[in-house]
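**Q** I have a structure I would like to understand better, so I am pasting it below and will then ask my questions one at a time.
Protein chains in written order, with the numbering used here: chain A, 1293 to 1714; chain B, 440 to 743.
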């Protein structure tokens, strides 16, 4: 009995000594983006598990949230002082605002290997050329026009070169019970990000009209913006966009296009990988909007695009060199060529920001089109990357009212300008 | 101090202090913090210095048309709860209690079923029902013979609360029905028998016996309905989409959320949001006091 007790005590002492001498793990508090069912979330879980296995001294202590829940939690955590060390973030008025306000943006540039990252493809995000987050891809194209080529051909038409070509399809589409252009008009942001951002740049001929208007160099009540808003009225009148679009949400829009209920769909590039009907996906063409009536040559063929979202270390994370280095090590793993290729295949990014990246030859057709679009089209401002709060809310709801026939373009434009000045 | 008094004091403190501490930290501190925050320009997200601005946030609020719009919607929700859910719940409970329908257990389960579902699931379901060419729109198209008909009440500020009110009644009536039914089952059956022997009709039994006996329960249910309606956020948030429908249906908690958590153009957004949340509490207390006053005038809850 005595021997057993001594042995047990000895084992306990040994265990205590081992635990005491083992190096403590570096914990990187992280906010990830995704859910357990989408590619972003599934890949996140896989990457973290693999990284932790390869680096047992680092613990990526993450919280995985998606969409509105993510934005809510970011604000709540920052306000409560519970600042993560590493987080999914952006650098614009929507994705970057809470981090900027909290003073948590950290310049990654000095820590990024110029032999690994292609700085020509990473836009400057701060006034001194800082890089607040490492973007997943080159940009987020928000105003892509998806065309079901087979469906359009079945009605006797070809890919449109002008808006009038699209309008000409309306009677034939209506006769078949099809929508011409499907948009998730129930989402206020879709009108701004996915349609109006392109229209204002095209009609004004200024790729940065929106950012200049937010700075006060232009007014949202200027004729060109009123004319741009009036384009929605015209689209409804022409039958290219149905007024019922205001009752179509994100999922229903995608479903309409995937189920061949619409000839075209308006959305961002990121939705390309979500067209689940393989026949439709194989017959889909991604394009910039064709020539609009009254558009200026300076911005012809342009698309509205925002700085891509990515992961970034916060100032709180950078404060401790051990945590900062662990987070940088994880980022290097996260942005590896293999993972970037996977993101490209999933449709999550347009083009990588890595040097010496070899684009695989066997990419899906839609992904190749996306890369082509990113390489060929001029990029212009996305509205909600610059305009936020009450003016942006009024603009989004105003465009929905215009589509529903409840407001005029001038009234909405004046309301937005009044709120911006306030 | 005598030894016995000292022991009593220690026992007293031992019993009171833990509960009081929890109350102060979890309940009192956030309330006081919110009140303080609403009188300042402090932004906890930004941190740094702050200054007292007096009633600036409250003045801004009463000049903000969005506040009055949200308040109007909130009062509509209160009205739907008090004059919709409670009477319907009471009537259903009475029907089940008096066994006026067959398969009472089945109906009881069906009416209470929404309470087993997540509010977000229910909100999403109603949103799907009301979407373009959704089930409700299809029904309208069949009834009107117009294939372009859509259910567009959600798109107009003046009509948006009708579908939302309907969904609120569908979701919460079951709860009040169960509360009333449980209390009805405690009523002495001999009282009803006596009323019947005296020749009372079913409506007389309902209005002159059951309603007065359950007046206290009705008062409690009204208080719960008012408090619940004023802090109601989830169902309306889930039923609407960011943009026109949510702005149309905005109630005070959503207005508070939009202001404090989304309006980056307002550097005092957290202070403004706190002012809104404080006003929600004030309105809630005022309405509950009013309902208690009316209850007293009607002798609700008195022993019979």
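From the three backbone atoms N, C-alpha and C, an ideal C-beta is built for every residue, glycine too.
Spatial neighbours of residue 1473 of chain A within its chain, please: C-beta separation below 8 Å, excluding the five flanking residues on both sides.
**A** Answer for residue 1473 of chain A: 1437, 1458, 1527, 1532, 1533, 1554, 1555, 1556, 1557 and 1558, listed in chain order.
**Q** Count the other CB atoms within 10 Å of the CB of residue 541 of chain B; is the residue buried (16 or more) or exposed (fewer)?
**A** It is exposed - the Cβ of residue 541 of chain B has fewer than 16 other Cβ atoms within 10 Å.
**Q** Can you name, in chain order, every residue of its own chain whose Cβ lies under 7 Å from the Cβ of residue 1417 of chain A, other than the five neighbours on each side?
**A** Result list for residue 1417 of chain A: 1383, 1423, 1424 and 1599, in chain order.
**Q** Count the C-beta pairs between the segment 1566–1576 of chain A and the segment 1590–1597 of chain A that are closer than 8 Å, then say yes if the count reaches three, no if not.
**A** Segments in contact, no.
**Q** Is the distance from the Cβ of residue 1615 of chain A to the Cβ of residue 1410 of chain A below 8 Å?
**A** For residue 1615 of chain A and residue 1410 of chain A, no; Cβs fall outside 8 Å.
**Q** Given residue 745 of chain B, which residues of its chain have a CB within under 8 Å of its CB, disregarding the five upstream and five downstream residues?
**A** There is no way to answer for residue 745 of chain B, as the model of chain B reaches only from 440 to 743.
**Q** Check whether chain B comes within 8 Å of residue 1681 of chain A, counting only Cβ atoms and requiring the distance to be less than that.
**A** Judged by the 8 Å Cβ criterion, residue 1681 of chain A is in contact with chain B.
**Q** Using the C-alpha atoms, what's the distance from residue 1662 of chain A back to residue 1335 of chain A?
**A** C-alpha separation (whole angstroms): 21 Å.
**Q** Against residue 485 of chain B, what residues of chain A qualify as contacts under a CB-to-CB distance less than 8 Å, listed in chain order?
**A** Those are 1393, 1394 and 1395, listed as they occur along chain A.
**Q** Could you tell me which whole alpha helix (DSSP H) segments of length 4 or greater appear in the segment 576–637 of chain B?
**A** Counting whole runs of 4 or more residues, the segment 576–637 of chain B contains the alpha helix (DSSP H) stretches 600–623 and 628–636.
**Q** Use the C-beta contact count for residue 545 of chain B: other C-beta atoms within 10 angstroms, 16 or more gives buried, fewer gives exposed.
**A** Exposed: under 16 other Cβ atoms inside 10 Å.
**Q** Which whole runs of the alpha helix (DSSP H) in the segment 1322–1378 of chain A are 4 residues long or more, in chain order?
**A** Within the segment 1322–1378 of chain A, the complete alpha helix (DSSP H) runs of at least 4 residues are 1331–1346 and 1359–1372.
**Q** What distance in whole Å lies between the Cβ atoms of residue 644 of chain B and residue 628 of chain B, which are believed to be in contact at a cut-off of 8 Å?
**A** With a Cβ gap of about 12 Å, residue 628 of chain B and residue 644 of chain B do not count as contacting.
**Q** Determine the burial state of residue 1611 of chain A: buried for a count of at least 16 other Cβ atoms within 10 Å of its Cβ, exposed for fewer.
**A** By the 10 Å Cβ count, residue 1611 of chain A comes out exposed.
**Q** Is the Cβ of residue 431 of chain B closer than 8 Å to any Cβ of chain A?
**A** Residue numbering for chain B in the displayed model covers 440 to 743; residue 431 of chain B lies beyond these limits and cannot be assessed.
**Q** Verify whether the separation of the beta carbon atoms of residue 1676 of chain A and residue 1484 of chain A is less than 8 Å.
**A** The answer is yes: Cβ separation under 8 Å.
**Q** Quick check on residue 571 of chain B - is its C-beta less than 8 Å from some C-beta in chain A?
**A** Yes, residue 571 of chain B counts as interfacial toward chain A.
**Q** Buried or exposed: which applies to residue 689 of chain B, given that a residue is buried once 16 or more other Cβ atoms fall within 10 Å of its Cβ?
**A** It is buried - the Cβ of residue 689 of chain B has at least 16 other Cβ atoms within 10 Å.
**Q** Go through its chain and collect everything with a Cβ distance to residue 558 of chain B's Cβ below 6 Å, but skip five positions before and after it.
**A** Closer than 6 Å at Cβ, skipping near neighbours: 673 and 674.
**Q** Give the residues of chain B in contact with residue 1418 of chain A, contact being defined as C-beta atoms less than 7 Å apart.
**A** Ordered by position in chain B, no residue passes the 7 Å Cβ test against residue 1418 of chain A, which lies about 17 Å from the chain.
**Q** Of the residues that make up the segment 599–633 of chain B, which ones have a beta carbon closer than 7 Å to any beta carbon in chain A?
**A** Residues passing the 7 Å Cβ filter: none.
**Q** Buried or exposed for residue 1691 of chain A, going by 16 or more other Cβ atoms inside 10 Å?
**A** Classification of residue 1691 of chain A: buried, given that the 10 Å Cβ count is 16 or more.
**Q** Measure from the alpha carbon of residue 1316 of chain A to the alpha carbon of each residue in A/1350, A/1341 and A/1638, then state which is nearest.
**A** It is A/1350 whose Cα lies nearest to the Cα of residue 1316 of chain A.
**Q** Reducing DSSP to helix, strand and coil, say where residue 681 of chain B ends up.
**A** Note: residue 681 of chain B maps to coil in three-state DSSP.
**Q** I want to know whether the segment 1627–1646 of chain A touches the segment 1325–1335 of chain A - three or more CB-CB distances under 8 Å.
**A** Touching, per the Cβ criterion.
**Q** Grouping DSSP H, G and I as helix and E and B as strand, with all else coil, what is residue 1476 of chain A?
**A** If DSSP states are grouped into helix, strand and coil, residue 1476 of chain A belongs with coil.
**Q** Buried or exposed: which applies to residue 1296 of chain A, given that a residue is buried once 16 or more other Cβ atoms fall within 10 Å of its Cβ?
**A** By the 10 Å Cβ count, residue 1296 of chain A comes out exposed.
**Q** Under DSSP, the beta strand (DSSP E) around residue 1603 of chain A begins and ends at which residues?
**A** That run of the beta strand (DSSP E) goes 1602–1605.
**Q** At a CB distance below 9 Å, what residues from the segment 1659–1693 of chain A approach chain B? Give them in sequence order.
**A** Those would be 1679, 1680, 1681, 1682, 1683, 1684, 1685, 1686, 1688, 1689, 1690, 1691, 1692 and 1693, in chain order.
**Q** Out of A/1325, A/1306 and A/1343, which one is the CA nearest neighbour of residue 1618 of chain A?
**A** The shortest Cα separation from residue 1618 of chain A among A/1325, A/1306 and A/1343 belongs to A/1343.
**Q** For residue 1480 of chain A, decide whether its Cβ has a neighbour in chain B, counting only Cβ atoms nearer than 8 Å.
**A** Yes, because at least one Cβ of chain B sits closer than 8 Å to the Cβ of residue 1480 of chain A.
**Q** Is residue 566 of chain B closer than 8 Å to residue 467 of chain B when the C-beta atoms are compared?
**A** No, Cβ-Cβ distance for residue 467 of chain B and residue 566 of chain B is not below 8 Å.
**Q** Counting only C-beta atoms, is residue 669 of chain B closer than 8 Å to chain A at any point?
**A** It does not; no Cβ of chain A falls within 8 Å.
**Q** In chain A, which residues lie less than 7 Å from residue 673 of chain B when you measure between Cβ atoms?
**A** Chain A residues near residue 673 of chain B: none, gap ~12 Å exceeds 7 Å.
**Q** Sorted by chain position, which residues of the same chain lie with C-beta nearer than 8 Å to residue 1535 of chain A's C-beta, five sequence neighbours on each side aside?
**A** Once the five neighbours on either side are set aside, the close Cβ partners of residue 1535 of chain A are 1528, 1695, 1696 and 1697.
**Q** Going along chain B in order, which residues have a C-beta closer than 7 Å to the C-beta of residue 1390 of chain A?
**A** Neighbours of residue 1390 of chain A on chain B, chain order: 484.
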